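Chemist: Sharing a structure here in structure tokens format.
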Amino acid sequence: MLKVVVLGAAAGGGFPQWNCNCDICRAGWAGNGLARPATQSSLAVSADGETWFLLNASPDIRQQIGQTPALHPREGRRHSPIGGVLLTNADVDHVAGLLTLRESQPFSLYGTGRVLGVLTANSIFNVVNPDFVQRNTIELGENTHLLLADGRPSGLSVEMFPVPGKVALWLEDESAGKNFGTVAEDTVGVKVSDGERAFFYIPGCASCPPELAERIEGADLLFFDGTTWIDDEMSATGVGHKTGQRMGHMCMSGPDGSIAAMAPLGIGRKIFIHINNTNPVHLVNSPERAEAGKDGWEIAYDGMEVEL
Ligand code: MLT
Ligand code: MN
Ligand code: ZN
């Protein structure tokens with residue numbers, strides 16, 4: 060059994076974003092049901108319904124735990140059903156939640172060498188005390204069993220693989236040329252399995268080259284980067300100038316978009332996650348949301364549960 064809970068469906072900044080008054084965010088602020096507020100990008104997954112691994116640790120993690128009874132402490136004086144955290148990149152929206160998971164609580168932390176290196180290089184992450192929280196490096200392309208802090212198996216295994224993308228915004232090296240010093244381990248997708256069933260989680264991805272299409276073809280379930288609807292959405296909505304491509308994200312619509320790229324791949328269930336506040340699919344009655352739905356895409360929401 061694989062149980063997945065969407066802890067946060069929105070991209071960095073969440074929805075509505077604290078300082079944003081764009082048309083989409085205004086609908087979110089209004090609280091009139093036209094657009095559902097969403098916290099920042101994270102999934103929880105479990106093979107037994109008891110112990111959970113978080114895929115990324117969002118700055119909203121405290122609220123997400125509060126909203127998710129399965130993640131509340133259950134036994135003794137100190138306890139958490141969170142057995143571990145796996146990181147897919149070092150974006151603020153994916154690592155800042157680690158700072159909330161201090162208090163000498165044992166759990167396992169997994170990520171690529173590059174992403175874990177970012178934590179080592181920044182001593183604030185030592186509040187997640189390495190004496191209690193073991194940091195485990197995952198090699199790309201290797202099937203890895205996720206272990207709990209006491210060494211017991213979680214029943215979950217993962218394979219991480221590089222996807223087109225970009226180093227975290229706050230780690231960009233302007234002097235390193237067009238890709239800001241990005242290497243393969245900076246942005247990965249992950250295949251999560253309980254030994255029988257599997258799903259893919261790819262919250263940041265800049266394009267869909269043939270090797271990625273082959274990998275996800277025929278999958279039962281895919282959570283995919285839903286940052287923007289169109290590539291120049293930030294400028295079109297008047298809130299910024301960066302394109303989705305510049306931020307390492309492929310848009311949903313159009314000939315180069317994810318909807319077109321994944322249409323022929325025979326994927327059982329396709330769910331957009333990491334949805335930016337400027338993306339009109341946040342609006343329940345938008346034509347864009349209807350168009351994604353026609354192509355078989357669901358839009359993740361906080362608290363969404365999926366079982367395989
Ligand atoms: C992204 O997904 O591009 C980043 O989370 C952006 C950010 O750090 O705000
Ligand atoms: Mn992000
Ligand atoms: Zn906005």
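Residue numbers (my numbering): 60 to 367. Every residue gets a Cβ at the ideal spot worked out from N, C-alpha and C, and that includes glycine. If you're wondering where the values come from, they're calculated on a predicted model, not measured in any experiment.
Below 9 Å between beta carbons: does that hold for residue 196 and residue 217?
Modeler: The sequence position of residue 196 within the sequence shown is 137, counting from 1. The sequence position of residue 217 within the sequence shown is 158, counting from 1. No, these two residues do not count as a Cβ contact at 9 Å.
Chemist: For the beta strand (DSSP E) containing residue 284, list its first residue and its last residue.
Modeler: To locate residue 284, count along the sequence shown from 1; it is residue 225. Here the beta strand (DSSP E) through residue 284 covers 280-284.
Chemist: Put residue 130 into one of helix, strand or coil per three-state DSSP.
Modeler: Your numbering for residue 130 matches position 71 in the sequence shown. Helix.
Chemist: Flag this pair as yes or no: are the beta carbons of residue 263 and residue 241 separated by less than 9 Å?
Modeler: As a working note, residue 263 is residue 204 in the sequence shown. As a working note, residue 241 is residue 182 in the sequence shown. No; because the gap between Cβ atoms is not below 9 Å, this pair is not in contact.
Chemist: Identify every residue that forms a DSSP beta bridge with residue 169.
Modeler: Your numbering for residue 169 matches position 110 in the sequence shown. DSSP, once it has assigned bridges, lists 145, 195 as partnering residue 169.
Chemist: Please tell me whether residue 251 and residue 215 are closer than 9 Å, where the distance is taken between their beta carbons.
Modeler: Within the sequence shown, residue 251 is the residue found at index 192, counting from 1. Within the sequence shown, residue 215 is the residue found at index 156, counting from 1. The answer is yes: Cβ separation under 9 Å.
Chemist: Which residues in the same chain have their Cβ closer than 8 Å to the Cβ of residue 231, if we skip the five residues on either side of it in sequence?
Modeler: In the sequence shown, the residue the question calls residue 231 occupies position 172. 225, 239, 240.
Chemist: Between the alpha carbons of residue 107 and residue 60, how many angstroms are there, rounded?
Modeler: Mapped onto the sequence shown, residue 107 falls at position 48. Mapped onto the sequence shown, residue 60 falls at position 1. Roughly 7 Å separates the two Cα atoms.
Chemist: Out of 210, 200, 326, state which residue places its alpha-carbon closest to the alpha-carbon of residue 221.
Modeler: Taking the first residue of the sequence shown as 1, we reach residue 221 at position 162. Nearest C-alpha to residue 221: 200.
Chemist: Verify the contact flag: residue 363, CB atom, against every heavy atom of the ligand MLT, threshold strictly below 8 Å.
Modeler: In the sequence shown, counting from the first residue as 1, residue 363 sits at position 304. No.
Chemist: If you measure from the CB of residue 183, is any heavy atom of the ligand NAP nearer than 8 Å?
Modeler: Looking at this structure, you won't find the ligand NAP anywhere; what it does contain is the ligand MLT, the ligand MN and the ligand ZN.
Chemist: What residue does the beta strand (DSSP E) around residue 358 start on, and which one ends it?
Modeler: As a working note, residue 358 is residue 299 in the sequence shown. 356-358 is the extent of the beta strand (DSSP E) around residue 358.
Chemist: Is the segment 121-139 touching the segment 268-277 in the sense that three or more CB pairs, one from each, lie closer than 8 Å?
Modeler: Verdict: no, contact absent.
Chemist: Hey, could you find the ends of the beta strand (DSSP E) residue 83 is sitting in?
Modeler: Reading the sequence shown from its first residue, position 24 is the one you call residue 83. Run containing residue 83: none in the beta strand (DSSP E); it sits in the alpha helix (DSSP H), 82-89.
Chemist: When DSSP labels each residue in this structure, what does residue 218 get in the three-state scheme?
Modeler: Working through the sequence shown from its first residue, we reach residue 218 at position 159. In the structure shown, residue 218 sits in a strand (DSSP, three-state: E or B).
Chemist: Compare the Cα-Cα distances from residue 313 to each of 77, 307, 322 and report the closest residue.
Modeler: Taking the first residue of the sequence shown as position 1, residue 313 is located at position 254. Out of 77, 307, 322, 322 has the C-alpha closest to the C-alpha of residue 313.
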